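Residue numbers (our numbering): 25 to 389. A virtual CB, placed ideally from N, CA and C, is assigned to each residue, including glycine. As the structure is a computational prediction, the values presented were derived from the model and not from experiment. For reference, the structure is listed below as structure tokens.
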Amino acid sequence: MSMVGNLRKVAYLTRRGRRRVDLSHPARSPLGSTVVNCVVYRDGVRQPESVSVEEAVRQVRKHRDGFVWLGLHEPGEEQIAGVAELFGLHPLAVEDAVHAHQRPKVEQYGDVLFSVLKTVTYVEHTELTATSEVVDTGEIMVFTGPDFVVTVRHGRHGSLGPLREELEAEPEQLAKGPSAVLHAIADHVVDEYVTVADSVQNDIEQVETDVFSPHSPRNADAGRIYQLKRELLELKRAVVPLALPLDRLGTEPRNCLDKEIQAYFRDVSDHLTRVTEQVHAFDALLDSILQAHLAQVTVGQNEDMRKITSWAAIVAVPTMVCGVYGMNFDHMPELRWRFGYPLVLGVITAACFVIHRGFRRNGWL
Numbered sequence: 025m026s027m028v029g030n031l032r033k034v035a036y037l038t039r040r041g042r043r044r045v046d047l048s049h050p051a052r053s054p055l056g057s058t059v060v061n062c063v064v065y066r067d068g069v070r071q072p073e074s075v076s077v078e079e080a081v082r083q084v085r086k087h088r089d090g091f092v093w094l095g096l097h098e099p100g101e102e103q104i105a106g107v108a109e110l111f112g113l114h115p116l117a118v119e120d121a122v123h124a125h126q127r128p129k130v131e132q133y134g135d136v137l138f139s140v141l142k143t144v145t146y147v148e149h150t151e152l153t154a155t156s157e158v159v160d161t162g163e164i165m166v167f168t169g170p171d172f173v174v175t176v177r178h179g180r181h182g183s184l185g186p187l188r189e190e191l192e193a194e195p196e197q198l199a200k201g202p203s204a205v206l207h208a209i210a211d212h213v214v215d216e217y218v219t220v221a222d223s224v225q226n227d228i229e230q231v232e233t234d235v236f237s238p239h240s241p242r243n244a245d246a247g248r249i250y251q252l253k254r255e256l257l258e259l260k261r262a263v264v265p266l267a268l269p270l271d272r273l274g275t276e277p278r279n280c281l282d283k284e285i286q287a288y289f290r291d292v293s294d295h296l297t298r299v300t301e302q303v304h305a306f307d308a309l310l311d312s313i314l315q316a317h318l319a320q321v322t323v324g325q326n327e328d329m330r331k332i333t334s335w336a337a338i339v340a341v342p343t344m345v346c347g348v349y350g351m352n353f354d355h356m357p358e359l360r361w362r363f364g365y366p367l368v369l370g371v372i373t374a375a376c377f378v379i380h381r382g383f384r385r386n387g388w389l
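Quick look at the structure:
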């Protein structure tokens, strides 16, 4: 059965009272270690008590105040089914959140906004090689509802813990509700794009310097350039498709977004535009560096061929003379002469010297 079919079956059985996923007790909850955090916020202030997911939702909806922020890390199909039923998440969006590998997008399902953001991080390396990993990607899915935010993170990086602490230090901003959390996540992701782009620029500048260095190995640069282009493609896949979703968040009216927060999304979109232009410039620059490297390889090969041709021409003179005298005819010039042999060697040496000087003068040797 497909993921959508499973979730629909869970919802149906819950309505009929035959099955209910219990999230109220940790021992019976299927979420397990996938829950990073579950916090209730009122007036932008984190509530100190630690409660289960179901209890947190019950409290918020009972008092009609505040919202729940539930953070999950790589949940499975069974683990997220109860969360989907509790918050009323659309099966198609939940399927995307479980399987990941989605393009950045923003979709509206009733009063719930589903956002997909690609996270990136720069992989530190002491030396860029033809197999170096430069950019590592992950994903963050955000379900934004009237009284909840559910974040689903995939990948080894992109932790939202520091971001949560920064938001809790600004209760005025957090008091604006779930849309403030969505903006903070989008702003955090785009800021990481800027950081990664600046780090990649350093690698590109190093490769550019090495390509035009006279001491750089000729065959080592092509693999590094190609690897850097592949890693840049990972960054490009994360950055470029996010432009339209961010523009929609900042311009299209949505009931689940605070109007003041939408103005902040336009600022994030401006930062993304800068990174997008930077990535396109990197791609064009790497193409130019690769073409320059290939041109240098071609020039080097031409120089090698000229040297080989020059030495072949020099060697041809003694080969020809010795070939003639190797015919063993009786009537050869100066054959019986005492100084004939030294004379021939002198002629060969003089001819080779003149040819060598001529090639040196023309830059072939």
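- The bridge partners DSSP lists for F172 are V92.
- Judged by pairs of C-beta atoms under 8 angstroms, the segment 258-265 touches the segment 289-306, as three or more such pairs exist.
- Straight across, the Cα-Cα distance linking F289 with T168 is about 15 angstroms.
- The segment 163-177 makes contact with the segment 185-205: 3 or more CB pairs, one atom from each, lie closer than 8 angstroms.
- Residue nearest to L110 within the set K86, R82, E119, P128 is R82 (criterion: CA-CA distance).
- Of the candidates V339, E216, G364, E79, V339 places its Cα closest to the Cα of V378.
- Beyond the five residues adjoining it in sequence on each side, V218 comes within less than 6 angstroms, by CB distance, of V299 in the same chain, given in chain order.
- Around the Cβ of V69, a 10 Å sphere holds fewer than 16 other Cβ atoms; the residue is exposed.
- In terms of CA proximity to L314, V235 leads the group K142, V136, V75, V235.
- Three or more beta-carbon pairs drawn from the segment 171-179 and the segment 77-92 are found closer than 8 angstroms, and the two stretches are therefore classed as touching.
- In this model, A319 and S156 are separated by some 25 angstroms (Cα to Cα).
- Taken in chain order, the complete alpha helix (DSSP H) segments of 4 residues or longer contained in the segment 240-291 are 244-263, 267-275.
- With respect to the C-alpha of G247, the residue from L184, D291, R330, A154 having the closest C-alpha is A154.
- When the Cα atoms are used, E229 and D160 turn out to be separated by approximately 20 angstroms.
- Our two residues, L389 and T373, have alpha carbons roughly 18 angstroms apart in a direct line.
- Only exposed fits P366, as fewer than 16 other CB atoms lie within 10 angstroms of its CB.
- The alpha carbon of G347 has as its nearest neighbour, out of V368, E190, E194, T333, the alpha carbon of V368.
- Inclusion of L184 and V60 in the CB contact set at 9 angstroms is warranted, their separation being smaller than that value.
- Minimum Cα-Cα distance from D282 among the listed residues E102, N326, G201, R381 corresponds to G201.
- Runs of the beta strand (DSSP E) lying entirely within the segment 150-236 and spanning at least 3 residues, in chain order: 159-168, 172-178.
- The Cβ-Cβ distance between S223 and Y133 does not fall below 9 angstroms.
- Between the C-alpha atoms of F363 and V345 there is a straight-line separation of about 16 angstroms.
- By the neighbour-count criterion, in which 16 or more other beta carbons inside 10 Å mark a residue as buried, P72 falls on the exposed side.
- Judged by DSSP secondary structure, F138 falls within the beta strand (DSSP E) whose first and last residues are 136-146.
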